[in-house]
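Just so you know, the protein sequences line up as chains D and Y, in that order.
Heads up: the first sequence begins at 4 in the working numbering, then just goes up one per residue.
Heads up: the second sequence begins at 16 in the working numbering, then just goes up one per residue.
What follows is a single structure, written as structure tokens, with notes after it.
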Amino acid sequence: MKTVNNKAWLMVLPVLLLVGLSAIIPLMTVVNYSVQDSFGNNEFFWVGTEWFQEILHSERFLNALQRTLLFSALILAIEIPLGIGIALAMPKRGIGVSICLVLMALPLLIPWNVVGTIWQVFGRIDIGLLGHGLESLGLDYNYTQNTFDAWATIIIMDVWHWTSLVVLLCYSGLVAIPEVYYQAARIDGASRWAVFRYIQLPKIKRVLLIAVLLRFMDSFMIYTEPFVVTGGGPGNATTFLSIDLVQMAIGQFDLGPAAAMSLIYFLIILLLCWVFYTLMTVSDQAVSATKGRTN
Amino acid sequence: MATIELQAIAHRYDSGHGSAIGDAVIPFAVNALDQCWPDGGAYALLGPSGCGKTTLLNIISGLLHPTAGSVLFDGVDVTARSPEQRNIAQVFQFPVVYETLTVADNLAFPLRNRGLPTADIDSRVASVLTMLGLQKQANLKARDLTVDEKQKISLGRGLVRTDVKAILFDEPLTVIDPHLKWQLRTELKKIHQQFQHTMIYVTHDQTEALTFADRVIVMHEGSIVQVGTPQELFEKPQHTFVGRFIGSPGMNVIPCIVEGATAIVGEHRISLQASLGSDFDNSGLQNTELGIRPEYVRLCQEQGLPAVITAIEDVGKHVVVRVNVAGHELKVIQREGEPIPRNPRVWFEPGKMNLYQNAHLVEAAQ
Numbered sequence: 004m005k006t007v008n009n010k011a012w013l014m015v016l017p018v019l020l021l022v023g024l025s026a027i028i029p030l031m032t033v034v035n036y037s038v039q040d041s042f043g044n045n046e047f048f049w050v051g052t053e054w055f056q057e058i059l060h061s062e063r064f065l066n067a068l069q070r071t072l073l074f075s076a077l078i079l080a081i082e083i084p085l086g087i088g089i090a091l092a093m094p095k096r097g098i099g100v101s102i103c104l105v106l107m108a109l110p111l112l113i114p115w116n117v118v119g120t121i122w123q124v125f126g127r128i129d130i131g132l133l134g135h136g137l138e139s140l141g142l143d144y145n146y147t148q149n150t151f152d153a154w155a156t157i158i159i160m161d162v163w164h165w166t167s168l169v170v171l172l173c174y175s176g177l178v179a180i181p182e183v184y185y186q187a188a189r190i191d192g193a194s195r196w197a198v199f200r201y202i203q204l205p206k207i208k209r210v211l212l213i214a215v216l217l218r219f220m221d222s223f224m225i226y227t228e229p230f231v232v233t234g235g236g237p238g239n240a241t242t243f244l245s246i247d248l249v250q251m252a253i254g255q256f257d258l259g260p261a262a263a264m265s266l267i268y269f270l271i272i273l274l275l276c277w278v279f280y281t282l283m284t285v286s287d288q289a290v291s292a293t294k295g296r297t298n
Numbered sequence: 016m017a018t019i020e021l022q023a024i025a026h027r028y029d030s031g032h033g034s035a036i037g038d039a040v041i042p043f044a045v046n047a048l049d050q051c052w053p054d055g056g057a058y059a060l061l062g063p064s065g066c067g068k069t070t071l072l073n074i075i076s077g078l079l080h081p082t083a084g085s086v087l088f089d090g091v092d093v094t095a096r097s098p099e100q101r102n103i104a105q106v107f108q109f110p111v112v113y114e115t116l117t118v119a120d121n122l123a124f125p126l127r128n129r130g131l132p133t134a135d136i137d138s139r140v141a142s143v144l145t146m147l148g149l150q151k152q153a154n155l156k157a158r159d160l161t162v163d164e165k166q167k168i169s170l171g172r173g174l175v176r177t178d179v180k181a182i183l184f185d186e187p188l189t190v191i192d193p194h195l196k197w198q199l200r201t202e203l204k205k206i207h208q209q210f211q212h213t214m215i216y217v218t219h220d221q222t223e224a225l226t227f228a229d230r231v232i233v234m235h236e237g238s239i240v241q242v243g244t245p246q247e248l249f250e251k252p253q254h255t256f257v258g259r260f261i262g263s264p265g266m267n268v269i270p271c272i273v274e275g276a277t278a279i280v281g282e283h284r285i286s287l288q289a290s291l292g293s294d295f296d297n298s299g300l301q302n303t304e305l306g307i308r309p310e311y312v313r314l315c316q317e318q319g320l321p322a323v324i325t326a327i328e329d330v331g332k333h334v335v336v337r338v339n340v341a342g343h344e345l346k347v348i349q350r351e352g353e354p355i356p357r358n359p360r361v362w363f364e365p366g367k368m369n370l371y372q373n374a375h376l377v378e379a380a381q
């Protein structure tokens, strides 16, 4: 008879407590709110899935979702290729490496609301370098009134802030490629594109996956910077899901719908991350499947 | 396929950014080499780590540009040409495959880069797959293969080009399991015999070099110390380094004084083959050494120099006996079954002794 050592349970207790307090209990509170209604006085009424249905059919939510999806798509479409490009162009040795790395790391060190403030001021048409400069050039630029200008400002701000992260991840992948691969490519007469396509891209694929997931999650949850720059405006033009959620939960104190929306928001992120992960690792899985067969 | 000629090749690695250290301090990795390797031969560059053999190989392939000198293929100076223009193939120590491509696509890669018609590519790839016995794996992703199969692909990417000038190998069997090493080496030898590519094989393993090559080039500290057949390297090492490096254990080298046809070791006199000693006079020849292979030393009781046995190592097919003769350690290979005498004397087989002056072989007078 094998004796069971129950001491192990004691060992995991601190972790269970921590996770319980920091994640499970708050999450369950949100779940709790999402199925109830309250008129104050700490009185709650069971409403079932009513909030969920309301949110999923509300135009306000669907519009914010569309805006957020478009924002993330643009961010990924710009930052990932740009990041790879910059990483490829960075020097591999010498003093230039440290200079580039420090320059790249700088935007990442700035707190989000400071980034927002910098660009809010930078883009102002009365005193901002960018805004005033464009205006003196005769260009009609005003991020507080023009939807396109507001989007352009926020996207350029995010590209400025976060492309470095993609660059650093890709660079770390690139410098890990042994020199001999490039030598073999020279002997095989590979073009610059072939080197990228068949050596560099496969080798940085894993870090690239991390970069895509991080940038997707961050951009999909973006709150502080657009809130500081545009406050969600003009109109609702830059009201992303997170801004909408905060308005609902804190501005209007609609805890029930806000809780339901949080959960839907969370599930969408989870779902899309799964989609990205699956798409980017599909060839790996195909490989291990064939491997399984041959073995 | 081409005859490869090296003219006064020298190479020195930069410190990188012109640091304060003067140029003179950086030693030459390869120094003043003149070599001509005729078309279709199998050559091995043999030497210990850091002797410059990989540097030399990379100079031939064009991955490195030599500090001085020129490389000629069939009499044409190719020093300024890229590896692609030189049309050589190189197999590296660690297998390099394009992991996301299939085995067949890996083999087709160099041909596609050169813009060959698809039909030609397909037939070349099919024949190389057959040659290497990789038909079954043709449609697998290259990263799914075992190390030795990957190394075959590296080789295949060279073989697939019909007009390849030479195939260079940089310690290609280092990461291969011992039992597969033999197999791969045999296949390589077979491919060489069949297609007569000029092949240059860099290794620090003398067994690999001696079994693979028709001619072995032994390198030591950036210079070539001997070029010869395996037989020549064994019987007539041009340099004491070659004597010590080749053979297991290496050649015994003991200081001596030569008088006429006699070598004097300590108080003992050894008669040399007459042709050897005749040129010598014993004045001013301080750095004279006698070289004799352990295979040609006998332990016996009747004749030779008195010796003290210090160690006996049984290595299976024979016994290596370490003895002390007049203060010098000698290794003796004693065939299995031959008795080891109690108070032995060592006897050198006549005709198998070599004399060295300042580490270089003194050629026997004809």
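Note that beta-carbon positions come from the ideal geometry of N, C-alpha and C, so glycine has one too.
Since the model is a prediction, treat every value here as computed from it, not as a measurement.
Interface residue (Cβ-Cβ distance to chain D less than 8 Å): Pro98/Y is classified as such.
The continuous alpha helix (DSSP H) containing His194/Y extends over residues 193-210. At a C-beta separation below 9 Å, Ala104/Y has these neighbours in chain D: Ile190, Asp191.
Glu138/D is a Cβ neighbour of Tyr144/D, given a cutoff of 8 Å. Along the length of the region 40-114 of chain D, whole alpha helix (DSSP H) runs at least 4 residues long occupy 53-60, 62-92, 98-111, reported in chain order.
For Asp163/Y, there is no enclosing beta strand (DSSP E); the enclosing alpha helix (DSSP H) covers residues 162-174. Here Thr115/Y is buried. Its C-beta has 16 or more other C-beta atoms within 10 Å. Counting only the Cα atoms, Gly141/D lies some 23 Å from Thr233/D. For Gln186/D, the residues of chain Y that pass the 9 Å Cβ criterion are Asn73, Ser76, Leu78, Pro98, Gln105, Phe107, Val111, in the order they occur in the chain. Taking 8 Å as the cut-off, the beta carbon of Met93/D is found closer than this to the beta carbon of Tyr174/D.
Within the region 207-237 of chain D, the complete alpha helix (DSSP H) runs of at least 4 residues fall at 227-232. Between Ile78/D and Ile207/D, the gap from beta carbon to beta carbon reaches 8 Å or more. When only Cα atoms are considered, Ile168/Y and Ser142/Y end up about 13 Å apart. Of all residues in the region 196-220 of chain D, those with a C-beta nearer than 9 Å to a C-beta of chain Y are Ala197, Arg200, Tyr201, Ile202, Leu204, Pro205, Lys206, Lys208, reading in chain order. At a Cβ-Cβ threshold of 8 Å, Val106/Y and Ile74/Y do not count as neighbours. Spanning the alpha carbons of Asn121/Y and Val112/Y requires a straight line of approximately 7 Å.
At least one beta carbon of chain D lies nearer than 8 Å to the beta carbon of Pro125/Y.
With its beta carbon less than 8 Å from one in chain D, Thr115/Y belongs to the interface. Residues are counted here when their Cβ sits less than 9 Å from a Cβ of chain Y; for the region 151-185 of chain D these are Pro181, Val183, Tyr184, given in chain order. When only Cα atoms are considered, Trp196/D and Ala188/D end up about 11 Å apart.
When DSSP reads this structure, Pro270/Y sits in a beta bridge with Glu304/Y. Residue pairing for Ser238/Y: DSSP places it in a beta bridge opposite His235/Y. By the Cβ test, the region 226-245 of chain D is not in contact with the region 96-113 of chain D, since fewer than three Cβ pairs between them sit closer than 8 Å.
Per the C-alpha coordinates, the member of Arg176/Y, Leu320/Y, Asp29/Y, Val338/Y positioned closest to Asn128/Y is Arg176/Y. With respect to the 8 Å criterion, Val118/Y and Gln152/Y are classified as neighbours on the basis of their beta carbons. Assigned with DSSP and collapsed to three states, Gly243/Y falls in strand.
For the region 159-182 of chain Y, residues whose beta-carbon sits nearer than 7 Å to a beta-carbon of chain D comprise Asp159, Arg172. The residues Ala278, Ile279, Val280, Thr303, Glu304, Leu305, in chain order, have a CB closer than 7 Å to that of Cys271/Y in the same chain once the five nearest residues on each side in sequence are set aside. Boundaries of the alpha helix (DSSP H) around Arg127/Y: 118-128. In this structure, Leu60/Y sits near Leu72/Y, with a CB-CB distance shorter than 8 Å. Interface annotation, Ser194/D: in contact with chain Y, CB-CB separation under 8 Å. Of the candidates Gly90/Y, Asp192/Y, Ser76/Y, Ser76/Y places its Cα closest to the Cα of Arg96/Y. A direct Cα-Cα distance of roughly 45 Å separates Tyr371/Y from Tyr184/D. Under the DSSP definition of a beta bridge, Trp122/D lacks any partner.
Rounded to whole angstroms, Ala214/D and Met107/D show a C-alpha spacing of 15 Å.
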